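Numbering (the numbering used here), first residue to last: 11 to 168. No residue lacks a Cβ here, since even glycine has one placed at the ideal position from N, Cα and C. The structure displayed is predicted, hence computed values, not measured ones. Remarks on the structure that follows.
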Amino acid sequence: MASIEEQFPTQEWGPLEVVYDFDTPSFHCFFIIEGSVDIFTPKGLKLNTINKSEIFGEASLLLGTKRSVVAKSGASGVKVLEISKSYILGLQEVSPVLSAILRNAQLRLIDSNAQSVKYASHVESLLKIATEQSGNNQIILEKLETIKKQLANDFRVY
Numbered sequence: 011m012a013s014i015e016e017q018f019p020t021q022e023w024g025p026l027e028v029v030y031d032f033d034t035p036s037f038h039c040f041f042i043i044e045g046s047v048d049i050f051t052p053k054g055l056k057l058n059t060i061n062k063s064e065i066f067g068e069a070s071l072l073l074g075t076k077r078s079v080v081a082k083s084g085a086s087g088v089k090v091l092e093i094s095k096s097y098i099l100g101l102q103e104v105s106p107v108l109s110a111i112l113r114n115a116q117l118r119l120i121d122s123n124a125q126s127v128k129y130a131s132h133v134e135s136l137l138k139i140a141t142e143q144s145g146n147n148q149i150i151l152e153k154l155e156t157i158k159k160q161l162a163n164d165f166r167v168y
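Spelled out as structure tokens, the structure:
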């Protein structure tokens with residue numbers, strides 16, 4: 011029996027390279043065999059880090075939509091197996107129940123990402139207002155900066 015690496019083509023990206031961009035067509039998803047990928051909103055809010063033996067890019071394949079996020083290779087780059095849309099569709103045909111479960115999970119993920127973007131936008135608005143005010147807002151500014159850093163560095167969707 012062939013190993014998983016023999017069944018699919020491999021792709022590699024160097025450190026911090028765009029794997030795919032927001033609002034682009036989706037033809038593949040990717041299984042990480044080395045390195046990591048960071049997932050960002052179109053405005054740059056980090057949503058997640060995907061690591062070895064995890065998959066990314068499957069949401070748009072399952073939902074038949076364009077990419078809803080930006081995927082960038084991690085600090086040491088990434089090597090992936092390229093999984094075709096036809097392979098994913100074949101899996102869905104074999105198991106309609108699994109297909110429904112995956113679709114439901116992806117819809118929840120999209121909703122969660124949208125809520126995260128909305129939350130980050132509110133924080134940015136408050137930060138701008140506090141910055142424009144004079145003097146007495148130092149504590150507010152510090153708290154908002156802390157929240158902003160946590161959103162950028164620590165927020166994980168799944």
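With 16 other CB atoms within 10 Å as the buried threshold, where does residue i fall?
i: V107; result: exposed
i: V29; result: buried
i: A85; result: exposed
i: E16; result: exposed
i: S83; result: buried
i: L57; result: buried
i: S63; result: exposed
i: A130; result: buried
i: I60; result: buried
i: S105; result: exposed
Output the distance between the C-alpha atoms of residue i and residue j, rounded to the nearest integer angstrom.
i: K158; j: C39; result: 30 angstroms
i: E44; j: V90; result: 7 angstroms
i: L112; j: I139; result: 41 angstroms
i: K153; j: V47; result: 29 angstroms
i: K183; j: W23; result: The structure shown has nothing for residue 183, since the chain only spans 11 to 168.
i: L137; j: L55; result: 15 angstroms
i: L71; j: K53; result: 22 angstroms
i: F37; j: K95; result: 6 angstroms
i: S135; j: Y97; result: 43 angstroms
i: L73; j: Q143; result: 45 angstroms
For residue i, which residues from the same chain have a beta carbon less than 6 angstroms from its beta carbon, with the 5 sequence-adjacent residues on both sides left out?
i: V80; result: D31, F32, F50
i: G67; result: C39, F40
According to DSSP, what are the bridge partners of residue i?
i: E92; result: F40
i: S83; result: V47
i: I111; result: DSSP output for I111 lists no bridge partner at all.
i: K56; result: F50
i: F66; result: F40
i: T20; result: L91
Leaving out five residues on either side along the sequence, give the residues of the same chain with a beta carbon under 8 angstroms from the beta carbon of residue i.
i: V127; result: T51, K53, L55
i: L151; result: L137, A140, T141
i: I65; result: C39, F40, F41, I42, I93
i: P25; result: S83, G84, A85, S86, G87
With a threshold of 7 angstroms on Cβ separation, who are the neighbours of residue i within its own chain once the five nearest residues in sequence on each side are excluded?
i: F18; result: L91, E92, I93
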